[in-house]
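Residues 1080 to 1210 (the working numbering) are what the sequence shown spells out, left to right.
Below: one structure, written as structure tokens.
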Amino acid sequence: MLKGTKLYSVFTGKCPVCQEGKMYVEPNPYKLSKIYDMHERCSVCNQKFKIEPSFFYGAMYVSYGLGVAFSVAAFITSYFFIGMDVITSFFSIIAVLLIMGPIIMRLSRNIWINFFLSYDKDAKHKTSKSE
Ligand SMILES: [Zn+2]
1080 MLKGTKLYSV
1090 FTGKCPVCQE
1100 GKMYVEPNPY
1110 KLSKIYDMHE
1120 RCSVCNQKFK
1130 IEPSFFYGAM
1140 YVSYGLGVAF
1150 SVAAFITSYF
1160 FIGMDVITSF
1170 FSIIAVLLIM
1180 GPIIMRLSRN
1190 IWINFFLSYD
1200 KDAKHKTSKS
1210 E
């Protein structure tokens, strides 16, 4: 449905270029020991995921932004919608960040790599031709 948009790649963790190959070895981000295990290249279009050494360090900036966004959302939900007091609302921020942490880490990598790579519907075709 969203295929062809960057959102599809961001939310599914699939290759930003062909949107078919998986970027992560382990689909479940809550297996923390494997959270950063990525395939070297896309199994479908052969795109390299770690474009340059320490490429994913930049994802830290994205995760910071996402963390702030989740915190604000958690606070607004707890304080204004559920009606918790201020202190409890702050605890709910911590809870949300802990629970969502692994997802935030992966989303930030997915968003980061999508800044640099774009969808190409012919990506599959290109590799098969060059081989
Ligand atoms: Zn691919």
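We put the CB at the ideal spot given by N, CA and C, even for glycine.
Nearest-angstrom Cβ-Cβ length linking residue i and residue j, presumed shorter than 8 Å
| i | j | result |
| --- | --- | --- |
| M1163 | P1108 | Actually they do not touch by this definition, with Cβ atoms about 27 Å apart. |
| F1128 | M1117 | 5 Å |
| K1093 | M1102 | 7 Å |
Separation of residue j from residue i, as counted between CA atoms
| i | j | result |
| --- | --- | --- |
| S1150 | L1177 | 11 Å |
| S1157 | I1173 | 12 Å |
| Y1087 | E1131 | 23 Å |
| E1099 | V1141 | 24 Å |
| I1161 | I1155 | 9 Å |
| T1091 | A1148 | 20 Å |
| F1169 | V1123 | 44 Å |
Contact set for residue i: own chain, Cβ-Cβ below 7 Å, skip 5 residues either direction
| i | result |
| --- | --- |
| L1186 | V1089, L1145 |
Minimum Cβ-Cβ distance from residue i to chain B less than 8 Å
| i | result |
| --- | --- |
| P1132 | Among the protein chains of the structure shown there is no chain B, as only one such chain exists. |
At what residue ranges does the stretch 1112-1195 contain a whole run of the alpha helix (DSSP H), taking only runs of 4 or more?
Secondary structure remark: continuous alpha helix (DSSP H) runs of at least 4 residues inside the stretch 1112-1195, in chain order: 1138-1155, 1165-1195.
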